[in-house]
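Listed in order, the protein sequences are those of chains A and B.
Mapping the first sequence onto the numbering used here, position 166 (from 1) lands on 166, and the numbers just tick up by one.
Mapping the second sequence onto the numbering used here, position 94 (from 1) lands on 94, and the numbers just tick up by one.
In this text, a Cβ means the ideal position worked out from N, Cα and C, and glycines have one as well.
One structure is given below, encoded as structure tokens.
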Amino acid sequence: VSVSGSEAFNFIPAAPIFLPQGPWNQIPGGVTAAEGFKAAGMYGGLRAKGEKPDLALVTCDVDATSAGAFTTNVVAAAPVLYCKNILNVSKSARAVLINAGQANAATGDAGYQDVIECSNALAKLLQMKPEEVLIESTGVIGQRIKKGPLLESLPKLVNSLSSSTEGADAAAVAITTTDLVCKSVAIESQVGGRTVRIGGMAKGSGMIHPNMA
Amino acid sequence: TMLGVITTDALVTSEVWREMVQVAVNRSFNQITVDGDTSTNDTVIALASGLSGSTRISSLNYHEAIHLQACLDVVMQGLAKSIAWDGEGATCLIEVTVSGADSEAEAAKIARSIASSSLVKAAVYGRDPNWGRIAAAAGYAGISFHQTKLQVLLGNILLMEDGEPQPFDRAAASNYLKKAGETHGTVEINVSVGDGPARGQAWGCDLSYDYVKINAEYTT
Numbered sequence: 001v002s003v004s005g006s007e008a009f010n011f012i013p014a015a016p017i018f019l020p021q022g023p024w025n026q027i028p029g030g031v032t033a034a035e036g037f038k039a040a041g042m043y044g045g046l047r048a049k050g051e052k053p054d055l056a057l058v059t060c061d062v063d064a065t066s067a068g069a070f071t072t073n074v075v076a077a078a079p080v081l082y083c084k085n086i087l088n089v090s091k092s093a094r095a096v097l098i099n100a101g102q103a104n105a106a107t108g109d110a111g112y113q114d115v116i117e118c119s120n121a122l123a124k125l126l127q128m129k130p131e132e133v134l135i136e137s138t139g140v141i142g143q144r145i146k147k148g149p150l151l152e153s154l155p156k157l158v159n160s161l162s163s164s165t166e167g168a169d170a171a172a173v174a175i176t177t178t179d180l181v182c183k184s185v186a187i188e189s190q191v192g193g194r195t196v197r198i199g200g201m202a203k204g205s206g207m208i209h210p211n212m213a
Numbered sequence: 001t002m003l004g005v006i007t008t009d010a011l012v013t014s015e016v017w018r019e020m021v022q023v024a025v026n027r028s029f030n031q032i033t034v035d036g037d038t039s040t041n042d043t044v045i046a047l048a049s050g051l052s053g054s055t056r057i058s059s060l061n062y063h064e065a066i067h068l069q070a071c072l073d074v075v076m077q078g079l080a081k082s083i084a085w086d087g088e089g090a091t092c093l094i095e096v097t098v099s100g101a102d103s104e105a106e107a108a109k110i111a112r113s114i115a116s117s118s119l120v121k122a123a124v125y126g127r128d129p130n131w132g133r134i135a136a137a138a139g140y141a142g143i144s145f146h147q148t149k150l151q152v153l154l155g156n157i158l159l160m161e162d163g164e165p166q167p168f169d170r171a172a173a174s175n176y177l178k179k180a181g182e183t184h185g186t187v188e189i190n191v192s193v194g195d196g197p198a199r200g201q202a203w204g205c206d207l208s209y210d211y212v213k214i215n216a217e218y219t220t
């Protein structure tokens, strides 16, 4: 079931995000505020219970310059290892697929293969190369991704991509786990004589002491 | 676990973008804490489409790069603070600002040490203006400073000056904490450790019974 932003807020409200004064304006839109980005969030049957959206997708219409920061915990999840490998060989990307419910951590080679299979399937649907697809997971450590329901949900997820604020809001809800609010923000500012937009979404509430590099 | 996805339409080269993102992560997500547990999955992915048509940024020293860095910092800090604000069982956000250090990294390390202290977090939950715990957490951060230079304020209430406790209105200080908890607001802890030029911030939340309850029942 894909949800629009307003429905997404039926599940959890948006966090109040306070930005300091500066040479920028806060604008709606989160990850879809910047030119070229679309997002979607839907319930794919991945969560252990409830029907809160649990699958999110962010895409870019063009090759986007990519960067990443990853946990330095040596017990690193399969999607972390996968993304680090991708960023080591490629300077750009065009999609980020995020699942909530299973962390795909401590899942060995089988867990890594699951990541490969999901990125290949999505790349085919989006007519991209697999190495243009990055993946993030969050949830129960030791559990592999519920690959069947995830792969079955991809066509509907891709069809519900939207450059609207609703798309960004639905994605921000779909990445949450024990969060009580979803986290999404965007700003615009004049950079080099043009209006530049920066947006983002995040999740997190427990097991929080990031040391990312 | 924290996950983040950041998007922009700025036009920036790969090397500069990757540098900028790590700097912003160090000033935001790497400066939050809820429980001191670093996850197996923490990830931030940042994508720049370049479709704004802005000047191509190919050096960190460009004026445009400095401006874009400030914008990236504020977006990531806004998201990072909302994670700490939403910490499991939290009733308020704790914002720690450390000044007077010799470098930004040292100030940041002291700030995060204070924000991570279970005793400081529990004192905030107990609405106890416990300056001793704040001083101790600053002292064990691994950064050397003269303890006679230590100053601690809770909001704008001076608790310590020149490394020694000051007389202060305990009821007012406790009410400051109580009000923040009732409104899920922000408790500001301001610490100065010397005359250095650098400052850093960290964000956390108070430690409530609910944190234990949530995590004693939630199992993998």
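Comparing alpha carbon positions, the residue from B:77, B:6, B:48, B:68 closest to residue 29 of chain B is B:77.
In terms of Cα proximity to residue 167 of chain B, the closest of B:181, B:180, B:152 is B:152. Taken in chain order, the whole alpha helix (DSSP H) runs of length 4 or more contained in the segment 56-106 of chain B are 63-85. Note on residue 53 of chain A: 16 or more other CB atoms within 10 angstroms of its CB, so buried under the neighbour-count rule. The alpha-carbon of residue 27 of chain A is positioned some 10 Å away from that of residue 165 of chain A. Here residue 6 of chain B is buried. Its C-beta has 16 or more other C-beta atoms within 10 Å.
Counting every other CB atom within 10 Å of its CB across the protein chains shown gives residue 210 of chain B a total below 16, marking it as exposed.
Under the 9 Å criterion on CB atoms, residue 119 of chain A is classed as non-interfacial with respect to chain B. In the displayed model, residue 149 of chain A falls within a helix according to three-state DSSP. Taking a contact as a CB-CB distance under 8 Å, the pair residue 97 of chain B and residue 199 of chain B counts as one, their CB atoms being some 6 Å apart. Proximity of the segment 2-19 of chain B to the segment 54-69 of chain B meets the contact definition, three or more beta-carbon pairs being nearer than 8 Å. Selection B:38, B:173, B:125, B:34 evaluated against residue 71 of chain A yields B:38 as nearest (Cα-Cα).
Per DSSP, residue 61 of chain A is one residue of the beta strand (DSSP E) stretching across 55-70.
Contact check for residue 158 of chain A against residue 39 of chain A fails: the beta carbons are separated by 9 Å or more.
For residue 11 of chain A against residue 173 of chain A, the beta-carbon gap comes to about 5 Å, under 8 Å, which counts as contact. Identification of chain B residues near residue 130 of chain A by a Cβ-Cβ cut-off of 7 Å yields none; the smallest Cβ-Cβ distance measures about 16 Å.
Note that the C-beta distance between residue 103 of chain A and residue 137 of chain A is below 9 Å. Under a 10 Å Cβ-count criterion, residue 146 of chain B is classified as exposed, with fewer than 16 other Cβ atoms of the shown protein chains found around its own Cβ. Between residue 207 of chain A and residue 34 of chain B, the gap from beta carbon to beta carbon is short of 9 Å.
By the neighbour-count definition (other C-beta atoms within 10 Å, threshold 16), residue 162 of chain B is an exposed residue. Residue 58 of chain A and residue 96 of chain A have their C-alpha atoms spaced approximately 5 Å apart.
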